[in-house]
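Down below is the structure, laid out as structure tokens.
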Amino acid sequence: MEIILKEDVINLGYKNDIVTVKSGYGRNYLIPTGKAVIASPAAKKMLAEELKQRAHKLEKIKKDAEELAAKLEGVSLKIATKVSSTGTIFGSVGNIQIAEELAKLGHNIDRKIIVVKDAVKEVGSYKAIVKLHKEVSVEIPFEVVAEEA
């Protein structure tokens with residue numbers, strides 16, 4: 020089933036993308052929640068016309084994302100967390116903690132666009148990817164250290 024996305028859907032696509040999904044996923048989730056519409060020929064024509072009219076706005080959004088990526092390029096984070104005597108973290112470090120650390124540095128990034136590939140369960144160095152735009156992403160190194168009592 021071909022659909023047109025009305026907003027960004029993680030692991031599927033970005034707004035105004037035409038994607039193919041299983042019909043149950045499209046009919047039962049994406050369309051009723053307003054995240055997508057069926058990609059009929061008329062809807063495709065409307066999308067093409069809308070994209071043509073919004074091309075300059077989309078270019079500005081991409082330029083803003085590239086500027087933010089340049090600011091985030093040299094950033095590296097240190098996240099202090101509670102650790103057991105063996106070096107294992109109580110819980111885990113995820114995108115929420117990374118977003119909080121970035122906010123402390125003055126970069127307000129939505130936690131939903133931060134992706135941590137591996138489960139962070141031990142002290143060490145890791146990398147997170149911030150997907151600012153469908154063509155712009157930044158890799159941010161972070162180190163998990165033991166919190167001092």
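For the sequence shown, this note's numbering assigns the number 20 to the initial residue and increments by one for each residue that follows. Here a beta-carbon is modelled for each residue, glycine too, at the ideal position from N, C-alpha and C.
| Item | Value |
| --- | --- |
| Segments of 4+ residues assigned as alpha helix (DSSP H) that fall wholly inside the region 114-153 | 114-123 |
| Which of helix, strand or coil DSSP assigns to ILE50 | coil |
| Proximity of ASN114 and VAL94 at Cβ, strictly below 8 Å | no |
| Touch test, the region 130-144 against the region 73-90, Cβ-Cβ under 8 Å, three pairs minimum | no |
| Alpha helix (DSSP H) segment containing LEU184, residue limits | No statement about residue 184 is possible, as the shown extent of the chain runs from 20 to 168 and does not include it. |
| Exposure of LEU77, with buried meaning 16 or more beta-carbon neighbours within 10 Å | exposed |
| Any 3 or more C-beta pairs closer than 8 Å across the region 24-34 and the region 44-61 | yes |
| Residue burial classification, GLY45 (beta-carbon count within 10 angstroms, cutoff 16) | buried |
| ALA99, buried or exposed, once every other Cβ within 10 Å from all chains shown has been counted against 16 | exposed |
| 6 Å CB neighbourhood of LEU121 in its chain, flanking five on each side removed | ILE128 |
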